[in-house]
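Only one structure is covered here, and it is reproduced in the block below.
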Amino acid sequence: MIRTDKLSFRIGEFQLDQVSIEVTRGEYFSLLGPPGSGKTLFLECLCGLVKVLSGQIYIDEKDVKNLEPRVRGIGYVPQDYALFPNLSAEKNIAFGLCVRGCSREVISRKVLQAAEILDIGHLLRRSVYGLSGGEKQRVALARALVMEPKVLLLDEPVCALDEATRQEVCAQIHSVQRQLGLTTIHVSHNLEETFSVADRAAILYQGRLQQVGAMNELLRRPQNEFVSRFMRCRNIFSGQVSAQEPNSSNTRVRVGGVDLLVPGKHRGRIKFIIRPESILLSNNPSSGSVDNKLQVKLICSRDFGNYVQVELKGPLDLVAHLSHAAFAELKAKLQTDLTAVLQAENIHVLPE
Amino acid sequence: MRAHPDSPVSSRRSHIFTAVCFFFLAVFATSVLLLIIADILYIDKKAVVSVLTSSFIRDALWLSTWTSFTTTFISLLFAVPMGYALSRFRFPGRSLADSIVDLPIVFPPLVAGLTLLVFFSQTALGRWIQEDLGLEFVFQPKGIVLCQFVVTASFAIRFAKTAFDEVDRRFENVALTLGCTRWGSFWRISLPLARNGIIAGGILTWARAFGIFGPLMIFVGSFRGRTEVLSTTVFLEQSVGNLEVALAVALLMIFIAYIALLTIRLVVSSSMVKL
Numbered sequence: 001m002i003r004t005d006k007l008s009f010r011i012g013e014f015q016l017d018q019v020s021i022e023v024t025r026g027e028y029f030s031l032l033g034p035p036g037s038g039k040t041l042f043l044e045c046l047c048g049l050v051k052v053l054s055g056q057i058y059i060d061e062k063d064v065k066n067l068e069p070r071v072r073g074i075g076y077v078p079q080d081y082a083l084f085p086n087l088s089a090e091k092n093i094a095f096g097l098c099v100r101g102c103s104r105e106v107i108s109r110k111v112l113q114a115a116e117i118l119d120i121g122h123l124l125r126r127s128v129y130g131l132s133g134g135e136k137q138r139v140a141l142a143r144a145l146v147m148e149p150k151v152l153l154l155d156e157p158v159c160a161l162d163e164a165t166r167q168e169v170c171a172q173i174h175s176v177q178r179q180l181g182l183t184t185i186h187v188s189h190n191l192e193e194t195f196s197v198a199d200r201a202a203i204l205y206q207g208r209l210q211q212v213g214a215m216n217e218l219l220r221r222p223q224n225e226f227v228s229r230f231m232r233c234r235n236i237f238s239g240q241v242s243a244q245e246p247n248s249s250n251t252r253v254r255v256g257g258v259d260l261l262v263p264g265k266h267r268g269r270i271k272f273i274i275r276p277e278s279i280l281l282s283n284n285p286s287s288g289s290v291d292n293k294l295q296v297k298l299i300c301s302r303d304f305g306n307y308v309q310v311e312l313k314g315p316l317d318l319v320a321h322l323s324h325a326a327f328a329e330l331k332a333k334l335q336t337d338l339t340a341v342l343q344a345e346n347i348h349v350l351p352e
Numbered sequence: 001m002r003a004h005p006d007s008p009v010s011s012r013r014s015h016i017f018t019a020v021c022f023f024f025l026a027v028f029a030t031s032v033l034l035l036i037i038a039d040i041l042y043i044d045k046k047a048v049v050s051v052l053t054s055s056f057i058r059d060a061l062w063l064s065t066w067t068s069f070t071t072t073f074i075s076l077l078f079a080v081p082m083g084y085a086l087s088r089f090r091f092p093g094r095s096l097a098d099s100i101v102d103l104p105i106v107f108p109p110l111v112a113g114l115t116l117l118v119f120f121s122q123t124a125l126g127r128w129i130q131e132d133l134g135l136e137f138v139f140q141p142k143g144i145v146l147c148q149f150v151v152t153a154s155f156a157i158r159f160a161k162t163a164f165d166e167v168d169r170r171f172e173n174v175a176l177t178l179g180c181t182r183w184g185s186f187w188r189i190s191l192p193l194a195r196n197g198i199i200a201g202g203i204l205t206w207a208r209a210f211g212i213f214g215p216l217m218i219f220v221g222s223f224r225g226r227t228e229v230l231s232t233t234v235f236l237e238q239s240v241g242n243l244e245v246a247l248a249v250a251l252l253m254i255f256i257a258y259i260a261l262l263t264i265r266l267v268v269s270s271s272m273v274k275l
């Protein structure tokens, strides 16, 4: 288990500001954020590679803030892996064990075990210069794993890999993590990568923690506009509450010249989001209920492989994600008039 | 000239650029070779025999060799920790310290000799070192090493700093998380990775120490059999009109220096292949 309590660190103008997270034993936790948000710095604080300004770091309930990196029990795989270029793959993996003064038998056994788990036995004699990105990644992971760390920190471990290798390596990291029950923090800026491995995630922006939760929660119930945008939702609107719905827990909100029903009781101005995949599109104007129905025009469509993104112009400018089947069924061309239905239960009001 | 297999496809204009680069390389290399050939043509057999058989030249050669290697060793002893400190640590006065390291490089060598002479003969601390501690440098062989060190150590330090600058700090960070102390990460990771740069600095230091002349004449003089090194032999011989002997000694120095540089370069490049 690893926990930080109001962890702060300053470097120049940038500050990690009171970051508190808790990762339970055996959990796969992801730290998300755009480049420059302080993710790597946060990992370096956990490793003890920089001195924190204030706050606490606990590993298995022991305060490690003032301990040297070597005794914290952390396995660290930095971005670009930092394999020692003067050592072979095998010596890289064995490095920590040699430093600890383990016997040759122990070193050999543990290196072979790690190599077997990560399927890199054939790479052991190779120089790290000739290894591919995926192979380097596995060697770096093996180097961290042989030390049997309490916590594994992975800094953008697959960002330099191609899409296919990335998926393969992510699956392998996840499987090893589950197999060993390792508490893991995986830093990334890639949503697909995080979805494929993480139990929970935190979003960091400009050194501040924005939200912590399960991936689905971050997706459906973002705490603020930044999290919404980071989770790729562009349908963010601001409106004025016009009426409370009688006999209902919904509120009517005036936005873009139309009244929308949004869930919950609210007052004044509110901000809300509509997930792009929750927007229902039809070319039949009379379909669905009368509420939250907008007449829109298709102005752009882009195929992203596993979904089609459509941009819609109307009282509210919307972006929707449709499956290929749903898009084909619409038989829609550019400038086609469509009906967009925004179900109240799929509208999320931002708390701020 | 055949292009290297990994050279990019190049146009006629690129060939002109390559030709210009090679032109300057050829002019420089040819000029140096012509100067050496001129020396070789000037000397006669008698001068060569004299150089190879005379005992004072053997003494000067031995003195030049051991002092220059001792200086290189001491310089590297200073250069490695100093280069690491300047590369890795942020401390008050770091820029000042960094500039002071470079100061002896811009010193005219004669000034270095003069300064040392003034320090050891005119200051209380200098006299105390010489007289009370018994560490005599002025007009002594020890002074040769001190003089060479003052003039050349900066090269070793500068090269060491640059070599450590080029070692990615993340290697050290990972080593720290893998159980190393700061010393351990330096010894096991940074030093091996910076080795080639440090050796290059050592080569330059040795070459400069081997050929140094001006400050030695002032600080230790040129006493035959005691403080005379090869470079001062060249000066002494030419000043009494033995130009052939002076040139023969100079050629001997060039030959030794070339063999030493070539050997070290081969050792370094073979170790780089092993990396």
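Residue numbers (this note's numbering), protein chains in the order written: chain A, 1 to 352; chain B, 1 to 275.
Virtual Cβ for every residue (Gly too), placed ideally from N, Cα, C.
- Unbroken alpha helix (DSSP H) runs of no fewer than 4 residues, entirely contained in the segment 122-152 of chain B, are found at 124-127, following chain order.
- In this structure, DSSP gives Val9 of chain B a state outside helix and strand, which the three-state scheme calls coil.
- Burial of Ala175 of chain B is indicated by the presence of at least 16 other C-beta atoms within 10 angstroms of its C-beta.
- Residue pairing of Gly239 of chain A in beta bridges, as defined by DSSP: A:Ile270.
- As for any alpha helix (DSSP H) of minimum length 4 sitting wholly inside the segment 150-200 of chain B, the runs are 169-177, 182-185, ordered along the chain.
- Ala243 of chain A and Val349 of chain A have their C-alpha atoms roughly 16 Å apart.
- Shown here, Phe14 of chain A sits in a strand according to DSSP, grouped into three states.
- The three-state secondary structure of Glu245 of chain A, taken from DSSP, is coil.
- Taking 8 Å as the upper bound for CB-CB distance, Thr183 of chain A and Gly26 of chain A are in contact here, some 6 Å apart.
- Residue-level contact by beta carbon fails for Gly38 of chain A and chain B, as no gap is shorter than 8 Å.
- For a Cβ distance threshold of 7 Å, residue set Leu176, Thr177 of chain B lies close to Pro69 of chain A, ordered along the chain.
- DSSP places Val262 of chain A inside the beta strand (DSSP E), whose first and last residues are 258-263.
- Residue-level contact check: Leu16 of chain A does not touch chain B, since none of the beta carbons of chain B fall below 8 Å from its beta carbon.
- At least 8 Å separates the beta-carbon of Val146 of chain A from that of Asn92 of chain A.
- For Asp165 of chain B, the closest Cβ of chain A is not nearer than 8 Å.
- Taking a C-beta cut-off of 8 Å against chain A, the contacting residues of the segment 179-198 of chain B are Gly179, Cys180, Thr181, Gly184, Arg188, Ile189, Pro192, Leu193, listed in chain order.
- Per DSSP, Asn250 of chain A is one residue of the beta strand (DSSP E) stretching across 250-255.
- Note on geometry: alpha-carbon atoms of Phe95 of chain A and Arg126 of chain A lie some 15 Å from one another.
- Around the C-beta of Glu228 of chain B, 16 or more other C-beta atoms lie within 10 Å, and the residue is accordingly described as buried.
- When C-beta distances to chain A are compared with 8 Å, the residues of the segment 138-171 of chain B below that value are Asp168, Arg170, Phe171, in chain order.
- In this structure, the alpha-carbon of Ser88 of chain A lies about 46 Å from that of Leu230 of chain B.
- For Val23 of chain A, no CB of chain B lies under 8 Å from its own CB, so it is not counted at the interface with that chain.
- Judged by DSSP in its simplified three-state form, Thr183 of chain A adopts strand.
- For Asn242 of chain B, no Cβ of chain A is located within less than 8 Å of the residue's own Cβ.
- For Gly96 of chain A, the closest Cβ of chain B is nearer than 8 Å.
- Remark: C-beta atoms of Ser239 of chain B and Thr232 of chain B do not approach each other more closely than 8 Å.
- Sequence-distant Cβ neighbours of Glu136 of chain B in its own chain, meaning closer than 6 Å and more than five residues away, are Gln130.
- Taking a C-beta distance under 8 Å as the contact criterion, Leu316 of chain A and Phe237 of chain A qualify as a contact pair.
- By the neighbour-count criterion, in which a residue is buried when 16 or more other Cβ atoms sit within 10 angstroms of its Cβ, Tyr76 of chain A is buried.
- Restricted to the segment 1-66 of chain B, the alpha helix (DSSP H) segments that are unbroken, complete and at least 4 residues in length are 12-42, 45-53, listed in chain order.
- Here the segment 151-167 of chain A lies against the segment 185-201 of chain A, with 3 or more beta-carbon pairs under 8 Å apart.
- Straight-line measurement puts the Cα of Asp80 of chain A at about 23 Å from the Cα of Val99 of chain A.
- At a beta-carbon threshold of 8 Å, the residues of chain B lying near Ala82 of chain A are Asp168, Arg170, Phe171, Asn173, Val174, ordered along the chain.
- Just measuring C-alpha positions, the residue of B:Ser64, B:Ser190, B:Val167 sitting nearest Cys147 of chain B is B:Ser64.
- Under the three-state reduction of DSSP, Leu204 of chain A is assigned to strand.
- For His348 of chain A, the three-state secondary structure derived from DSSP is strand.
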